[in-house]
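S.K.:
2 protein chains.
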Amino acid sequence: MKKIINEPAAFVDEFVEGILLAHPDLLKTPGDDLRVMVRADAPVAGKVGIVTGGGSGHLPLFKGYVGHGLLDGVAIGNVFSSPSSSQVLEATKAVDGSAGVLYLYGNYGGDVFNFDLATDMAELEGIKTRTVLGRDDVASQPKERAADRRGVAGIMFAFKAAGAAAERGDSLDQVAAVAEDIIDHTATMGVGLRPTILPTTGKPSFDLSEDEMEVGIGIHGEPGFHRGELETADNIAKTLTDRLVADLSLTSGGRVAVLVNGMGATPLEELYVLFRRVHQALTEKGITVEKNYVGEYATSLEMAGASISLLALNDDRLALLNAPAQSPFFKEG
Amino acid sequence: MKKIINEPAAFVDEFVEGILLAHPDLLKTPGDDLRVMVRADAPVAGKVGIVTGGGSGHLPLFKGYVGHGLLDGVAIGNVFSSPSSSQVLEATKAVDGSAGVLYLYGNYGGDVFNFDLATDMAELEGIKTRTVLGRDDVASQPKERAADRRGVAGIMFAFKAAGAAAERGDSLDQVAAVAEDIIDHTATMGVGLRPTILPTTGKPSFDLSEDEMEVGIGIHGEPGFHRGELETADNIAKTLTDRLVADLSLTSGGRVAVLVNGMGATPLEELYVLFRRVHQALTEKGITVEKNYVGEYATSLEMAGASISLLALNDDRLALLNAPAQSPFFKEG
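Protein sequence lines correspond, in order, to chains A and B.
Under our numbering, read the first sequence as residues 1 to 333, first letter to last.
Under our numbering, read the second sequence as residues 1 to 333, first letter to last.
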C-alpha cells in the first residue's frame, strides 16, 4: 500500500490540519474538532447557512466548497464514513445567522441518519433546518426510483447554485427550492478503472481485473450495471452521455452545464479527451454546452476513473452558476 | 495499460481539442495546429508576450497557465517530447505585441534546442526575444552547478510573477529580470512512488518495487539521489524541506511561498498531510509561510508522488504572486 501518510489512523486528522493551515483566510474551526469547519466569517447574520458533510477521502468534497457564495460549514467522518450528529450540530450552530440552515449532502444511509438526528438536536436549540439530498447517480437506481439514488459529483452544481442563492439573501425555503431544482435537473454516471486502497484496512474499495472497467460504479466502489473490457474514451463518453441525456429528457435546443470529474488518479489529459467527445455528442444532438468544469471535483482518494455530470440549464440556473464564489478549491467570477 | 484514451497516437491532439472546446473564452489557436495556443485576446499591443512550452503529459503545465496576468502562448510536443521550433515561432508571432517576447520554460535539452532555433527565426521576423530557463530541481545538480538543473513544478512561481510584471507594463528586460529573480530564489524536490505508463509505448517511465520510493526523482522519471523503503509523510516532508531550506540559505526570519504539488495520482488528502509537516518544519525554523499552493500544478500523467517547492519571498515577489490572474487552471484575486 503505497501512500504518503503517517499512521493510517491519523490520516484524517492530519489532512484536515493541513487544510486549516493552508486556508486560514477562508476557513476556521468553531471548536477543537478540526473535522468541523466553517467559513472564516461565520455566522453571517441574516443569511441562510448551508452545511454539508460525509465521509473523508473525497477532496475537494467536502471542505473544498466552504467559502463565499458556496457552503458555510462542513462536518466529515473517517474515510468513507459519516460524521456524527454532534459534529453536524456543531457546524450548524456555528453557521446559524438566524435565517435557518440548509443541510445539503449526498444520499447515503449513514449520513442521512446522522444529519436527521442533528435536525432534531438543532430544533431543540431553536435553529430551523431543511434537508435536500444529492441523488444524481443515475446508475444507482432507475428513474422511477430517482429519490433513492446515491449522490455523487453532480452535487457540486447544487452547492454552487444554493450557495449563490443564500449569498444574495434568499430565504431558507427559497435556498432549499434552488437546491432541489438543481438536483432534479442533474444526472451523473461514472466509470471505474482501478480502486482506491483504504488507509486503515489496506484493502481495495473494489476488485477489477487488469483489462476491465466498471460502468456505473459508485464513488465508494458500489457496483455499477456493466463490467467489461476497457473501451475507448470515445465509446465511454458516448455511452455515458446518451444515458444522461435520456435520463434528463434533453432534446435538441436544450442547454447544459457539463462536469467531467476525475476520481483521483486519472490524468487531466484523459478528462479532456472525454470532454471532447461529450461536447461532440451533445452538439450532434443539438444540445448546447453553456458551462463546463473539467477536473477533480469529487474524488475517492487514488481511485482511477471518471464521471460525467449534466445539469439541464435555464437562465436562472446559469446565473447562479456564474455568480461569484471563492473557497479553497473553487473560484468563480 | 488502463487509460481512458482512444488511439494512443491521437492522445495529444484529442486532449488539446478538449481544452480548446472547454476554454474558448480564454484560449485560441492562431493556426490549424491545436498544439499551439495563445490567450484569446493575443496579441496585446505594447505588452511583453510570454511563451512557454515543452512535452505533453504535464497538465496543468503548460496550457493551463495561458491567460490574463500569466502566459501569452504555448507550444507543446508529444508526451514528454519537445515542441518543434516552428511551433514555438508560431506562438511567438501570435503573441508579439511589439514589446518583445520572453521564452520561459524548463531546462531540458530538446526544449532548449528548439526554443533557441525559434529565437533565431523570430529575429529574422523582427521580433526580439529573451530566454529564461526554469531550473528549480535541486536534486538534479548540486548548487555549484545550479545553472544546469532541470526545471520542474517551481516554474509556476515564475509564470505567475513574470506574467504579472508583463501585465503591468514592464519592459522585456524587466520581465526577464523578474523571471530570473524568481527562479534564482526557487527550489524544488520531489519523491516518486509509482511511474506513469507512456501512452504510445505502454512502458513505465521508471521502475520501482512495491515498497520503495525514490527521492529527488525528475518529472519524466529521471533518477533521484536516494531509493529506499517508503517512509512516512512526515519524514518525507522534513527531509525535503530541510534540503530546500539549505539550498536557498533560508534562516530564521525568512519568508516563503510553498507549493506542494501532486504528480498526478496522489490524493489531495496526502498533499495536505505533507503540507502540514512542511508548515511545521518551516515554523520550527522561524520561517513564515506567507503564501501556499496545494494541489496539482505540474504532473506526469498518472505518476504517483509529490514535490515540494519553496520560493524565498520579499515584498516585490509576494505582490507579483498576489496580482490578479486568470487562466483555465489558475485564478488569483
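Cβ coordinates follow ideal geometry from the N, Cα and C atoms, glycine included.
1. In three-state DSSP terms, what is His226 (chain A)?
2. If we require 3 or more residues per run, which beta strand (DSSP E) segments fall completely within the region 4-65 of chain B?
3. Answer with buried or exposed for Glu17 (chain B), where buried requires no fewer than 16 other C-beta atoms within 10 angstroms of its C-beta.
4. Going by Cα to Cα distance, which pick from A:Lys93, A:Thr266, A:Asn314 is closest to Val287 (chain A)?
5. Count the other C-beta atoms from every protein chain shown that fall within 10 angstroms of the C-beta of Asn114 (chain B), then say buried if there are 16 or more, exposed otherwise.
6. Please determine if the region 272-292 of chain A and the region 30-45 of chain A are in contact, where contact requires at least 3 C-beta pairs separated by less than 8 Å.
7. Rounded to the nearest angstrom, what separates Leu133 (chain B) and Glu270 (chain A) at their Cα positions?
8. Taking one C-beta from the region 175-189 of chain A and one from the region 240-257 of chain A each time, how about it: are there three or more such pairs within less than 8 Å?
9. Enumerate in chain order the residues of its own chain whose CB-to-CB distance from Glu167 (chain B) is below 6 Å, with the five nearest sequence positions on each side excluded.
10. Is Val191 (chain A) closer than 8 Å to Leu102 (chain A) when the C-beta atoms are compared?
11. Considering Tyr293 (chain B), what are the terminal residues of the beta strand (DSSP E) in which it resides?
12. Establish whether the CB of Glu2 (chain A) and some CB of chain B are separated by less than 8 Å.
13. Here's the rule: buried if 16 or more other CB atoms are within 10 angstroms of the residue's CB, otherwise exposed. What is Leu250 (chain A)?
14. Just curious, the beta strand (DSSP E) that Glu212 (chain A) is in, first and last residue?
15. Over what stretch of residues does the alpha helix (DSSP H) that includes Met156 (chain B) continue unbroken?
16. Starting from Glu332 (chain B), trace the beta strand (DSSP E) in both directions and tell me its first and last residue.
17. Alpha carbon to alpha carbon, how far is Ser84 (chain B) from Asp41 (chain A)? Give it in angstroms, no decimals.
18. Take Gln326 (chain A) and list the residues in its own chain whose beta-carbon comes closer than 6 Å to its own, dropping the five residues that flank it on each side.
19. Gly216 (chain A) CB to nearest chain B CB: under 8 Å?
20. Which of the three DSSP states is assigned to Asp308 (chain B) in this structure?
21. Hey, Ala298 (chain A) and Phe157 (chain A): beta-carbon distance below 8 Å or not?
22. So the beta strand (DSSP E) Met189 (chain B) belongs to, where does it begin and stop?
23. With distances taken from CA atoms, which of B:Leu310, B:Phe330, B:Glu210 is nearest Lys3 (chain A)?
24. In angstroms, rounded to a whole number, what distance separates the CA positions of Asp72 (chain B) and Ser56 (chain A)?
25. Find the nearest neighbour of Pro60 (chain B) within the set A:Tyr108, A:Tyr272, A:Thr232, A:Lys63, judged by alpha-carbon distance.
26. Output the distance between the C-alpha atoms of Leu21 (chain A) and Glu296 (chain A), rounded to the nearest integer angstrom.
27. With distances taken Cα to Cα, identify the nearest neighbour of Val79 (chain B) among A:Pro267, A:Ile197, A:Ala122.
28. His23 (chain B) to Lys63 (chain B), Cα distance in whole Å?
29. Restricting to runs no shorter than 3 residues, where is the beta strand (DSSP E) found entirely within the region 76-133 of chain B?
30. Would you list, in chain order, the members of the region 78-106 of chain B that have their beta-carbon closer than 8 Å to a beta-carbon of chain A?
31. Exposed or buried, which one is Asp181 (chain B) when buried takes at least 16 other CB atoms within 10 Å?
32. Taking the alpha carbon of Leu230 (chain B) as the reference point, which residue from B:Gly169, B:Leu193, B:Gly154 has its own alpha carbon closest?
33. Nearest chain A C-beta to His279 (chain B) closer than 8 Å, yes or no?
34. Going by DSSP, what residues sit across from His68 (chain A) in a beta bridge?
35. Taking the Cβ atom as the reference point for each residue, do Leu104 (chain A) and Ala177 (chain A) lie within a distance shorter than 8 Å?
M.R.: In brief:
1. strand
2. 36-39, 49-56
3. Buried, because 16 or more other Cβ atoms sit within 10 Å of the Cβ of Glu17 (chain B).
4. Before going on, a small fix: residue 287 (chain A) reads as Ile here, not Val. Selected option, being the one with the closest Cα: A:Asn314.
5. When all chains shown are included, Asn114 (chain B) counts as buried.
6. no
7. 28 Å
8. yes
9. Gly69
10. no
11. 288-295
12. Note on identity: in this sequence residue 2 (chain A) is Lys, with Glu being the wrong assignment. Judged by the 8 Å Cβ criterion, Lys2 (chain A) is in contact with chain B.
13. Leu250 (chain A) is buried by the Cβ-count criterion.
14. 212-215
15. In the DSSP assignment, Met156 (chain B) falls within the unbroken alpha helix (DSSP H) covering 155-167.
16. 330-332
17. 51 Å
18. Result list for Gln326 (chain A): Gly67, His68, in chain order.
19. no
20. According to the sequence provided, residue 308 (chain B) is Ile. The question's Asp does not apply to it. Correct three-state label for Ile308 (chain B): strand.
21. no
22. 186-194
23. B:Glu210
24. Distance between the alpha carbons of Asp72 (chain B) and Ser56 (chain A): 39 Å.
25. A:Tyr272
26. 22 Å
27. A:Pro267
28. 11 Å
29. As far as the region 76-133 of chain B is concerned, its whole beta strand (DSSP E) runs of at least 3 residues are 101-106.
30. Answer set for the region 78-106 of chain B: empty.
31. buried
32. B:Leu193
33. With 8 Å as the cut-off, His279 (chain B) counts as an interface residue toward chain A.
34. A:Gln326
35. no
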